[in-house]
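**Q**
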Amino acid sequence: MTAKLNFVVEQSALELQHVDGNVKWTRLLEELPIEERDYLGRAADEKFAEQMKYLRGERESEREALIQRHLHGILVLTAPHRNGQTVAKTSMHHSLRHLLQAFANIFRSCYADFLQYAGQGFGVRRDVSVDRVTCTLPLVAADVTQFAAVLTQVVVFKYPFLQSSEAQHNAVQRSVVAALFDALQPVLHGLYVASFQREDSILDDVAELARTNPLAYFEVKPLFRLDGSRSDAQQQEQFVADGNERRLLTLRHYNAAVYHLNNLASERSPYAKLERLAQVCEEIDRAIKVYYDSMPTELRPSPEQLNMYVTQPTINQCGNEN
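Residue numbers for the sequence shown follow my numbering, so the first one is 1 and each next one is one higher.
What follows is the structure, encoded as structure tokens:
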């Protein structure tokens with residue numbers, strides 16, 4: 001599995017070094033209007049520009065949220081639904097929405113036939129092998145990465161007032177990536193699932209077997225098990241001997257972290273996944289500190305021993321590098 005991942009990552013990086021000006025989707029930019037022709041789209045842009053003017057000084061921090069709301073409204077391809085009913089109207093005729101939709105259509109026409117179910121392809125490529133699907137992933141990554149970068153620049157060009165700070169540019173980038181990953185489903189996710197279906201099956205089997213093993217099997221230090229197994233004499237008096245009881249104690253303390261980790265697969269964009277992982281780290285850090293804060297001071301581990309927290313700037317940096 002590691003070898004396949006390395007192959008995909010390395011080939012994707014190489015593919016990005018050779019940007020072809022004749023890529024089909026680049027022609028979509030030729031007829032992009034500077035000002036919206038549709039009334040609703042133009043009104044949404046004017047309202048957005050007007051609102052941004054007033055978010056200065058103490059309200060500067062509200063700009064990123066407003067950017068994300070506006071771009072979500074004009075880029076997300078489906079209106080929100082609840083109980084089968086549309087609960088919000090969106091500017092369906094915005095040029096940026098049409099640009100994203102056109103790219104999504106081209107993306108599906110190029111790659112949808114590579115999708116496989118139960119090991120069998122369909123359509124004109126029904127006999128394609130899993131290895132050939134893997135070989136398409138660098139092309140997929142290059143198309144998605146390049147389009148996300150171009151669309152981000154188009155948005156910043158369309159709204160010049162977004163060029164004033166790096167924070168605003170990052171907010172645009174995050175919104176573009178979120179909308180793009182939403183628009184390309186289920187094809188984008190399906191390609192990676194099809195490529196790694198054998199490895200995923202093996203990993204599922206290994207994980208199922210591993211669930212019956214004690215935490216010592218995973219080399220988790222007693223300090224972080226939160227089950228009373230820490231080696232202090234007074235802690236040993238409260239130590240629970242039964243393995244199942246110890247696992248339940250650990251799960252009880254880490255319940256919030258487990259919840260976020262279980263929901264990782266539901267996130268679509270890389271940014272959302274990184275944020276979810278950051279939440280897992282925060283909950284692990286919080287659970288450990290809450291556990292030991294309830295003990296007498298002389299029994300608490302040092303802050304250096306308990307420092308497992310991953311800071312948010314590190315997560316943001318990883319997102320920018322990717």
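Cβ atoms here follow ideal geometry from the backbone N, Cα and C, with glycine treated the same way.
Determine contact between the segment 132-142 and the segment 211-224, defined as no fewer than three beta-carbon pairs at a distance below 8 Å.
**A** With a cut-off of 8 Å, the segment 211-224 and the segment 132-142 do not count as touching, because too few Cβ pairs lie within range.
**Q** Where residue 159 and residue 58 are concerned, what is the direct C-alpha to C-alpha distance, given to the nearest angstrom?
**A** Here residue 159 corresponds to residue number 159 of the sequence shown, with the count starting at 1. Here residue 58 corresponds to residue number 58 of the sequence shown, with the count starting at 1. Cα-Cα distance, rounded: 22 Å.
**Q** Taking residue 11 as the reference, which of 114, 35 and 139 has the closest Cα?
**A** For the purposes of this step, residue 11 is taken as residue 11 along the sequence shown, with counting starting at 1. When each option's Cα is compared against that of residue 11, the closest is 139.
**Q** Threshold first: 4 residues or longer. Then list the alpha helix (DSSP H) segments lying entirely within the segment 130-158, N to C.
**A** For the segment 130-158, whole alpha helix (DSSP H) runs of length 4 or above, ordered along the chain, are 130-158.
**Q** Assign residue 118 to buried or exposed, taking buried as 16 or more other Cβ atoms, counted over all protein chains shown, within 10 Å of its Cβ.
**A** Numbered from 1 along the sequence shown, position 118 holds the residue referred to as residue 118. Residue placement at residue 118 is poorly supported in this model, since its pLDDT is 39, which falls under 50; the coordinates still yield a value, given next. Classification for residue 118: exposed.
**Q** Helix, strand or coil, according to DSSP, for residue 36 in the structure here?
**A** Taking the sequence shown and counting its residues from 1, one reaches residue 36 at position 36. Three-state DSSP puts residue 36 in coil, outside helix and strand.
**Q** Restricting to Cα atoms, I'd like to know which of 305, 167 and 199 is closest to residue 223.
**A** Along the sequence shown, one-based indexing puts residue 223 at 223. It is 305.
**Q** Give the DSSP-derived three-state secondary structure of residue 8 in the structure shown.
**A** Working through the sequence shown from its first residue, we reach residue 8 at position 8. Looking at residue 8 - three-state DSSP - the assignment turns out to be helix.
**Q** Check each candidate in 141, 54, 303 and 302 and name the one with the smallest Cα separation from residue 270.
**A** What you label residue 270 is simply residue 270 of the sequence shown in a count that begins at 1. Checked all of 141, 54, 303 and 302; the closest Cα to residue 270 is 141.
**Q** Which same chain residues, not among the five before or five after residue 301, have their C-beta less than 8 Å away from its C-beta?
**A** Position 301 of the sequence shown, counted from the first residue, corresponds to residue 301. Excluding sequence neighbours, residue 301 sits near 223 and 292.
**Q** Would you call the segment 189-199 in contact with the segment 282-291, where contact means no fewer than 3 C-beta pairs closer than 8 Å?
**A** Segments in contact, no.
**Q** Return the Cβ separation of residue 44 and residue 94 in integer angstroms, given the expectation that the two are a contact with Cβ distance under 8 Å.
**A** As a first step, residue 44 is located in the sequence shown; it is residue number 44 there, counting from the start. As a first step, residue 94 is located in the sequence shown; it is residue number 94 there, counting from the start. Confirmed, about 7 Å.
**Q** Cα separation between residue 279 and residue 31?
**A** Locating residue 279 in the sequence shown gives position 279, counting from the first residue. Locating residue 31 in the sequence shown gives position 31, counting from the first residue. Approximately 42 Å, taken between the alpha carbons.
**Q** Shorter than 7 Å, the distance from the beta carbon of residue 222 to the closest heavy atom of the ligand FMN, or not?
**A** Here there are no bound small molecules, and the ligand FMN is not part of this structure.
**Q** Between 174, 266 and 283, which has its C-alpha nearest residue 66's C-alpha?
**A** Numbered from its first residue, the sequence shown carries residue 66 at position 66. Closest by alpha carbon: 174.
**Q** Look at the alpha carbon of residue 258 and the alpha carbon of residue 250, and state the distance between them as a whole number of angstroms.
**A** For the purposes of this step, residue 258 is taken as the residue at position 258 of the sequence shown. For the purposes of this step, residue 250 is taken as the residue at position 250 of the sequence shown. One C-alpha to the other measures close to 11 Å.
**Q** Mind reading off the beta-carbon distance from residue 107 to residue 143? Whole number of angstroms is fine, and I expect it under 8 Å.
**A** Residue mapping note: residue 107 aligns to position 107 of the sequence shown, counting from 1. Residue mapping note: residue 143 aligns to position 143 of the sequence shown, counting from 1. Between residue 143 and residue 107 the Cβ distance is about 7 Å, and since that is below 8 Å, they are a contact.
**Q** Excluding five sequence neighbours on each side, which residues of the same chain lie with their C-beta closer than 8 Å to the C-beta of residue 168?
**A** As a working note, residue 168 is residue 168 in the sequence shown. Counting only Cβ-Cβ distances below 8 Å, and skipping sequence neighbours, we find 63, 64, 67 and 162.
**Q** Compute the beta-carbon to beta-carbon distance between residue 226 and residue 260, rounded to the nearest angstrom, for a pair I have assumed lies under 8 Å.
**A** If you number the sequence shown from 1, residue 226 lands on position 226. If you number the sequence shown from 1, residue 260 lands on position 260. Contact flag wrong, Cβ pair sits at about 17 Å.
**Q** Using DSSP with H/G/I as helix, E/B as strand and the rest coil, what is residue 295?
**A** Here residue 295 refers to the residue found at position 295 of the sequence shown. Of the three classes helix, strand and coil, the one that applies to residue 295 here is coil, per DSSP.
**Q** Whose C-alpha, out of 72, 105, 50 and 61, is nearest the C-alpha of residue 187?
**A** In the sequence shown, the residue the question calls residue 187 occupies position 187. Closest option to residue 187, Cα to Cα, is 105.
**Q** Measure the alpha-carbon distance for residue 235 versus residue 228 and round it to whole angstroms.
**A** Along the sequence shown, read from residue 1 onward, the residue named residue 235 stands at position 235. Along the sequence shown, read from residue 1 onward, the residue named residue 228 stands at position 228. Its pLDDT being 47, under 50, residue 235 is placed unreliably in this model, and the value from its coordinates should be taken loosely. Answer to the nearest angstrom: the Cα atoms are 6 Å apart.
**Q** Taking residue 328 and residue 179 to be in contact with their CB atoms under 8 Å, please state how far apart those CB atoms are, rounded to whole angstroms.
**A** Outside the displayed range of the chain (1 to 322) lies residue 328, so it cannot be described from this structure.
**Q** Considering just the uninterrupted stretch of the alpha helix (DSSP H) at residue 190, what are its terminal residues?
**A** Start at 1 with the first residue of the sequence shown, and residue 190 comes out as number 190. From DSSP, the alpha helix (DSSP H) with residue 190 extends over 187-195.
**Q** Taking the alpha carbon of residue 256 as the point to measure from, which residue in 9, 281, 268 and 112 has its own alpha carbon closest?
**A** As a first step, residue 256 is located in the sequence shown; it is residue number 256 there, counting from the start. Of 9, 281, 268 and 112, the residue nearest in Cα terms is 281.
**Q** Ordered along the chain, which non-local residues of its own chain (more than five positions away) have a Cβ less than 7 Å from that of residue 112?
**A** Taking the first residue of the sequence shown as 1, we reach residue 112 at position 112. These residues qualify, in order along the chain: 187.
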